[in-house]
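Participant:
Residue numbers (UniProt numbering): 1 to 498.
(1) Helix, strand or coil: which one does DSSP assign to residue 5?
(2) Mapping the DSSP letters down to three states, classify residue 267 as helix, strand or coil.
(3) CA-CA distance, residue 263 and residue 425?
(4) Should residue 353 go down as buried or exposed, given a rule of 16 or more other Cβ atoms within 10 Å for buried?
(5) In the DSSP assignment, what residue or residues form a beta bridge with residue 74?
(6) Quick one: is residue 195 buried, meaning 16 or more other Cβ sit within 10 Å of its Cβ, or exposed?
(7) Could you name each continuous beta strand (DSSP E) segment of 3 residues or more that falls completely within the stretch 114-200, going from the start of the chain to the end?
(8) Could you check if residue 272 is buried or exposed, using at least 16 other CB atoms within 10 Å of its CB as the buried criterion?
(9) In whole angstroms, give me the CA-to-CA distance for residue 98 and residue 146.
(10) Using the Cβ count rule (16 or more neighbours within 10 Å means buried), how would you classify residue 464?
(11) At 4 residues or longer, and completely inside the stretch 290-374: list those alpha helix (DSSP H) runs for me, N to C.
(12) Quick check: the Cα distance between residue 316 and residue 141, rounded to an integer number of angstroms?
(13) Kindly indicate which three-state DSSP category residue 112 falls into: helix, strand or coil?
(14) Using a threshold of 7 Å, state whether the C-beta atoms of residue 88 and residue 44 are closer than that.
(15) Comparing alpha-carbon positions, which option in 488, 362, 42 and 214 lies nearest residue 82?
(16) Just to confirm the assignment, what range does the alpha helix (DSSP H) spanning residue 437 have?
(17) Can you tell me where the beta strand (DSSP E) with residue 395 in it begins and where it stops?
(18) Does the stretch 431-447 come close enough to the stretch 370-382 to have 3 or more Cβ pairs within less than 8 Å?
(19) Work out the CA separation of residue 405 and residue 483 for me, nearest whole Å.
(20) Express the C-alpha separation of residue 324 and residue 366 in angstroms, rounding to a whole number.
(21) Taking the beta strand (DSSP E) that residue 463 falls in, what are its first and last residues?
(22) Is it a yes or a no for the stretch 90-110 touching the stretch 218-226, going by three-plus beta-carbon pairs under 8 Å?
(23) When the Cα of residue 191 is compared with those of 178, 13 and 210, which residue comes out closest?
(24) With H, G and I counted as helix, E and B as strand and the rest as coil, what does DSSP make of residue 220?
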């Protein structure tokens, strides 16, 4: 049962092949058996089964929706009533939220059953899930490898079939990159599509929640429930709700050839995404996927995103600047960790923050405070914002020639645990293909398309699909067509121990 997609589990629940309680128990047993992956921070069996019983009652009454009774895990950056909400940090190790984040609340109202909270890089800062106060997460495909970050716990949980779906957040690639490294599907919607209310903030102009699951069809179902205007979030967009599943299984153009469902689709190929820094085995998997798209009727078009290489310095100025502001609230006074011994108020601030934050968070706070300081704001932060606008404009120029843009998610497959922890810059460089999408606020996603080669033959490769603003439904259609023709998304790891 744990190998089934959300749509297949929906059928099983409706046909009474299994109850929501039995389904939840199945996943709870798998989570317990796979403790070594360290994918989960918090699990509460009683709370989960209580939600499952409520779902069973709705199903029995004939009031079940598309997601009623289906299990989900939440990234621990979303505050969740009943579970600790830690953001992977010692600072919030014992924080109990009195309310649910909007994303959590909407999925709960849709009838989904929470399996627990997943591990993550502290305050979503990282690309490997090694920055968590609760320890690193292992990649279920290869236990020596990282699962990606910062949504590595959610990605590992879905990949190892400990949950059929999970929530994640993407600030600079933190849904797409771990999805790529673990062979699952994940989507970052257009900035403002999904409410940030109750999402513990890292960089407010970049953070965006999204779903992670086996397939594009599953992600579309989840996005239906997650997205929508929220008056409590000042960055939430006022747009009519839409059905993100509406194009799934349809031809790109009406009246098209069934054997060529994507005839008429123009796929942009940015030359900057296929340069010398791209590993050969990743390039081979991406090329094979693009040939599959051509077989489905799509046409490849050469485009250029000339400011791609500037996305790293721009991101690592803007994101730390916003982080230094957002994390100033964690001072040991109102909530969060407070040092046990201190001399005066200033000493308490210093010791509480020194003890509560990990090395990567401290590094980014220091960088952010520096670039916002007097004399440096104009030279760094203001210039970064100007280049950010140019990056967004480059995408709009590219979309005049194509409908979607495709390329790799990351320059390589997942690296080994500990391999880059001593060199943060090398870690940052691994985000080269995802950062510009986040800076522009565009929707993007990763779909599994193959594996590495040689010693990396069991490490997945993800294909990145980038759409124009508010084009999620079409982007999901393009991903779904590929998954109907291939089975990469159905392959599951054997290294997880369950």
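Even for Gly, the Cβ is constructed at its ideal location relative to N, Cα and C.
Facilitator: Taking the structure as given:
(1) What you label residue 5 is simply residue 5 of the chain shown in a count that begins at 1. Residue 5 falls in the coil class under three-state DSSP.
(2) To locate residue 267, count along the chain shown from 1; it is residue 267. Residue 267: strand per DSSP, three-state reduction.
(3) Position 263 of the chain shown, counting from 1, holds the residue named residue 263. Position 425 of the chain shown, counting from 1, holds the residue named residue 425. C-alpha separation (whole angstroms): 42 Å.
(4) For the purposes of this step, residue 353 is identified with residue 353 of the chain shown, where counting begins at 1. Buried, by the Cβ-count rule.
(5) Locating residue 74 in the chain shown gives position 74, counting from the first residue. According to DSSP, which records beta bridges pairwise, residue 74 is partnered with 117.
(6) For the purposes of this step, residue 195 is identified with residue 195 of the chain shown, where counting begins at 1. Label assigned to residue 195: buried.
(7) 165-170 and 185-188
(8) Counting from one through the chain shown, the residue named residue 272 turns up at place 272. Result: buried.
(9) In the chain shown, residue 98 corresponds to position 98, counting from 1. In the chain shown, residue 146 corresponds to position 146, counting from 1. Roughly 33 Å separates the two Cα atoms.
(10) As a first step, residue 464 is located in the chain shown; it is residue number 464 there, counting from the start. By the neighbour-count rule (16 or more Cβ atoms within 10 Å), residue 464 is buried.
(11) 311-326, 345-356 and 359-372
(12) For the purposes of this step, residue 316 is taken as residue 316 along the chain shown, with counting starting at 1. For the purposes of this step, residue 141 is taken as residue 141 along the chain shown, with counting starting at 1. Using only the alpha carbons, I get a separation of about 30 Å.
(13) Counted from its first residue, the chain shown places residue 112 at position 112. Of the three classes helix, strand and coil, the one that applies to residue 112 here is coil, per DSSP.
(14) Counting from one through the chain shown, the residue named residue 88 turns up at place 88. Counting from one through the chain shown, the residue named residue 44 turns up at place 44. Taking 7 Å as the Cβ cut-off, residue 88 and residue 44 do not qualify as a contacting pair.
(15) Indexing the chain shown from 1 puts residue 82 at position 82. Here the closest residue by C-alpha is 42.
(16) Mapped onto the chain shown, residue 437 falls at position 437. First-last of the alpha helix (DSSP H) with residue 437: 435-440.
(17) As a working mapping, residue 395 is identified with position 395 in the chain shown. Looking at the DSSP string, residue 395 is not in any beta strand (DSSP E); the run it does join, the alpha helix (DSSP H), is 383-398.
(18) no
(19) By 1-based counting over the chain shown, the position of residue 483 is 483. By 1-based counting over the chain shown, the position of residue 405 is 405. Near 17 Å, if we compare the C-alpha coordinates of residue 405 and residue 483.
(20) In the chain shown, the residue the question calls residue 366 occupies position 366. In the chain shown, the residue the question calls residue 324 occupies position 324. So the two alpha carbons sit approximately 7 Å from each other.
(21) Counted from its first residue, the chain shown places residue 463 at position 463. Here the beta strand (DSSP E) through residue 463 covers 460-466.
(22) yes
(23) Position 191 of the chain shown, counted from the first residue, corresponds to residue 191. Among 178, 13 and 210, the Cα nearest to that of residue 191 belongs to 210.
(24) Along the chain shown, read from residue 1 onward, the residue named residue 220 stands at position 220. Residue state, collapsed to three classes: helix.
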